[in-house]
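Asks: One structure, as structure tokens, below. Some questions next.
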Amino acid sequence: MDEIYHPAPDVHVLPTTLPIGPAEVLTVNAFVLAAQEPVLVDTGLGQSGDELLDAVDAVVGLANLKWLWLTHDDADHTGAVQRVLAAAPQARLVTHAFSAIRMSTWWPVPLDRVHAIRPGDRLWVGDRTLRAVAPPLYDNPMSVGLLDESTGSLFSVDSFGAVLAAPTQDAAEVPQDALAAGMLAWSVMDSPWSSMLDREKFAEVLDDVRRLEPSRIFSSHLPAASGTSLERFLDVLSSASYATPVPAPSHTEFTAMIEDMQAQLEAAAAAG
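Numbering (the UniProt record's numbering), first residue to last: 1 to 272.
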């Protein structure tokens, strides 16, 4: 896991950088929301589990964690979910009902600790209300993001993610053209069905996001971004409906990708 940072007084980002090509990386974020009843949003990659638990313990204390908001049950969001629930006995698992049921087919989800959530629902966490929202693009139909109604922080799940040339802690540090290209590449790869969208209906979906008026955007796969970026971000998502889906790598391409990833990881280990 990379260095923890906090772009807002009450939000701590727990990032991991995942190399995905010879010169490209993808950020995988978990978040701690330091509410009166602390909230962990997702649990990152399995290989970062030890560091994630240590980070949560350092930020709010695992014994004090009250909520684990699991945006969906993909592997890059559930890497340490079992360990967090075991180490944080007060925490309840907030997630889509079907995510909880599906996960229970491969690990013993404590269903009595599940708080089922769906878009439009609200959760009171001691000093603020979190509103469940549907992300405009997703790779898992059970994805549920959240809006902190007290601050306007929007946790947008996979939406607004981007493939980048290098890790950073602020999306504003990425040149606009590079950020737009990386976000479009991720959108088309993560949500290949976007090319089949009814564009008028999708425009309504993007208007729903616009009406949230987020002050900051915390995507699972992007450095923290201020709300001033929203219109540019929505323009990129809108353009995804015109883009050509990216074909899956062939075996030869896959082998080359793995070799590149391994080289990047070895170089990072040597530098660290």
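We put the CB at the ideal spot given by N, CA and C, even for glycine.
Please report how far the alpha carbon of His72 lies from the alpha carbon of Ala87, in whole angstroms.
Replies: When rounded, the distance between both Cα atoms is 21 Å.
Asks: Pro175: buried (16+ other C-beta within 10 angstroms of its C-beta) or exposed?
Replies: Flag for Pro175 reads exposed.
Asks: Does Gln264 pass the burial test, meaning 16 or more other C-beta atoms within 10 Å, or should it be called exposed?
Replies: With 16 or more other Cβ atoms within 10 Å, it is buried.
Asks: Check each candidate in Leu130, Arg113, Gly126 and name the one with the smallest Cα separation from Gly120.
Replies: The shortest C-alpha separation from Gly120 is found at Leu130.
Asks: Kindly list the residues whose CB is nearer than 7 Å to the CB of Leu65, restricted to its own chain and excluding five residues on each side of it in sequence; keep chain order.
Replies: Correct list, in chain order: Pro38, Leu40, Val56, Ala88, Gln90, Ala91.
Asks: Please report the straight-line C-alpha distance between Leu212 and Val109, rounded to a whole angstrom.
Replies: So the alpha carbons of these two residues sit roughly 32 Å apart.
Asks: Contact defined as beta carbons within less than 8 Å: I believe Asp53 pairs with Val84. What is the distance between those atoms, to the nearest angstrom?
Replies: Before going further, note that residue 53 is Leu rather than Asp in the sequence given. So it is a contact: roughly 7 Å between Cβ atoms.
Asks: Express the C-alpha separation of Ser153 and Pro141 in angstroms, rounding to a whole number.
Replies: The alpha-carbon atoms of Pro141 and Ser153 are separated by roughly 22 Å.
Asks: Less than 7 Å between the C-beta atoms of Thr17 and Gly44, yes or no?
Replies: Going by C-beta atoms, Thr17 is not nearer than 7 Å to Gly44.
Asks: Using the Cβ count rule (16 or more neighbours within 10 Å means buried), how would you classify Gly126?
Replies: Exposed is the call here.
Asks: CB-CB under 8 Å to Asp260, same chain, minus the five flanking residues each way: which ones, in chain order?
Replies: Closer than 8 Å at Cβ, skipping near neighbours: Pro19, Gly21, Pro22.
Asks: For Trp186 versus Ala166, is the C-beta distance shorter than 7 Å?
Replies: Going by C-beta atoms, Trp186 is not nearer than 7 Å to Ala166.
Asks: Could you tell me the alpha carbon to alpha carbon distance between Ser195 and Val246, rounded to whole angstroms?
Replies: When rounded, the distance between both Cα atoms is 11 Å.
Asks: Would Leu222 and Ala171 be called neighbours here (beta carbons separated by less than 7 Å)?
Replies: Yes, they are a contact pair.
Asks: Quick one: Cα of Lys201 to Cα of Glu231, how far?
Replies: Cα to Cα, Lys201 sits roughly 18 Å from Glu231.
Asks: Report all residues from its chain with a CB closer than 8 Å to the CB of Ala75; omit the five preceding and five following residues, and keep chain order.
Replies: Correct list, in chain order: Leu45, Gly46.
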